[in-house]
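Numbering (our numbering), first residue to last: 55 to 311.
Set out below in structure tokens:
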């Protein structure tokens, strides 16, 4: 059994499918999708279908899913519609309008019920999964059991879990205090090239020699897995990360997909 994480596919179904083909998942594998499946790219509904069909998958709410549900649940709210539209919602709205009403309703109902965080223990290490990050500086437990994890996330503002950026990646230390003994926080939301102007102690440049974005580790315990798929061809990739050995499976977004 292997554990895989990916995030911020943003409608680029073809690249996601190629990345998944490379890992060749079995029925025993488990997946964590950290949100932002939709908007920007050409096939957001296709991404929803692919992700929902994965074996043993836990899917988190991203800020783009949050914007979509807010708009759908408040059809007369012009501000909600504008917020979603300004963040690339037109492609998703158009895609949903082209499927049968029953499927659209089913997909929207599924997305509306997505959690904002999850966790797993892999190879003796605790991983905390969230779309955007957490508000650091809260009291953290000495022992990270299941109840402590629940309490920690209950103390967080749900909006931070889907929207936080500089205050998370720019903090001097994460949860481990620099000693790498605490949990690893795995998040997306912030394309890794943005980290150059906000993060300390990055493990490598966010853009590789091939000119494509890749994941970056910040300090001892923060991993950014948003490899800028939203930017499209020329910079963006879809990453599927295997946690057991930290192998990174990338597929670049190609022109027209």
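All residues carry an ideal CB built from backbone N, CA and C; glycine is no exception.
Considering just the uninterrupted stretch of the beta strand (DSSP E) at residue i, what are its terminal residues?
{"i": "residue 154", "result": "Unbroken run through residue 154: none, as it is neither H nor E."}
{"i": "residue 57", "result": "57-60"}
{"i": "residue 173", "result": "171-176"}
When you compare the CB positions of residue i and residue j, do they come within less than 8 Å of one another, or not?
{"i": "residue 239", "j": "residue 193", "result": "no"}
{"i": "residue 252", "j": "residue 220", "result": "yes"}
{"i": "residue 114", "j": "residue 198", "result": "no"}
{"i": "residue 158", "j": "residue 168", "result": "no"}
{"i": "residue 125", "j": "residue 105", "result": "no"}
{"i": "residue 163", "j": "residue 93", "result": "no"}
{"i": "residue 295", "j": "residue 302", "result": "yes"}
{"i": "residue 186", "j": "residue 205", "result": "no"}
{"i": "residue 63", "j": "residue 91", "result": "yes"}
{"i": "residue 298", "j": "residue 56", "result": "yes"}
Can you grab the Cα-Cα spacing for the pair residue i / residue j, in whole Å?
{"i": "residue 259", "j": "residue 155", "result": "45 Å"}
{"i": "residue 153", "j": "residue 68", "result": "19 Å"}
{"i": "residue 227", "j": "residue 246", "result": "18 Å"}
{"i": "residue 147", "j": "residue 59", "result": "26 Å"}
{"i": "residue 183", "j": "residue 80", "result": "22 Å"}
{"i": "residue 160", "j": "residue 255", "result": "43 Å"}
{"i": "residue 291", "j": "residue 283", "result": "5 Å"}
{"i": "residue 264", "j": "residue 257", "result": "18 Å"}
{"i": "residue 132", "j": "residue 261", "result": "38 Å"}
{"i": "residue 269", "j": "residue 103", "result": "25 Å"}
{"i": "residue 210", "j": "residue 66", "result": "30 Å"}
{"i": "residue 77", "j": "residue 175", "result": "20 Å"}
{"i": "residue 95", "j": "residue 89", "result": "14 Å"}
{"i": "residue 61", "j": "residue 286", "result": "15 Å"}
{"i": "residue 229", "j": "residue 137", "result": "32 Å"}
Given a threshold of 16 other Cβ atoms within 10 Å of its Cβ, counted over all protein chains shown, does residue i qualify as buried or as exposed?
{"i": "residue 119", "result": "buried"}
{"i": "residue 73", "result": "buried"}
{"i": "residue 109", "result": "exposed"}
{"i": "residue 266", "result": "buried"}
{"i": "residue 140", "result": "exposed"}
{"i": "residue 201", "result": "exposed"}
{"i": "residue 300", "result": "exposed"}
{"i": "residue 122", "result": "buried"}
Considering just the uninterrupted stretch of the alpha helix (DSSP H) at residue i, what are its terminal residues?
{"i": "residue 98", "result": "98-106"}
{"i": "residue 70", "result": "67-77"}
{"i": "residue 126", "result": "117-127"}
{"i": "residue 259", "result": "Note, residue 259: premise wrong, no alpha helix (DSSP H); not H, not E."}
{"i": "residue 212", "result": "212-217"}
{"i": "residue 279", "result": "Here residue 279 belongs to no alpha helix (DSSP H), and DSSP marks it neither H nor E."}
{"i": "residue 205", "result": "200-208"}
Using CA atoms only, rank isn't needed, just tell me which of the options is closest to residue i.
{"i": "residue 249", "options": "106, 278 and 274", "result": "278"}
{"i": "residue 177", "options": "237, 305 and 304", "result": "237"}
{"i": "residue 190", "options": "85, 275, 244 and 307", "result": "275"}
{"i": "residue 100", "options": "224, 207, 145 and 77", "result": "145"}
{"i": "residue 293", "options": "272, 203, 242 and 84", "result": "242"}
{"i": "residue 107", "options": "128, 136 and 71", "result": "71"}
{"i": "residue 304", "options": "57, 208, 129 and 75", "result": "75"}
Quick one: does the C-beta of residue i sit closer than 7 Å to a heavy atom of the ligand SAM?
{"i": "residue 244", "result": "In the structure on display, the ligand SAM does not appear, and there are no ligands present to speak of."}
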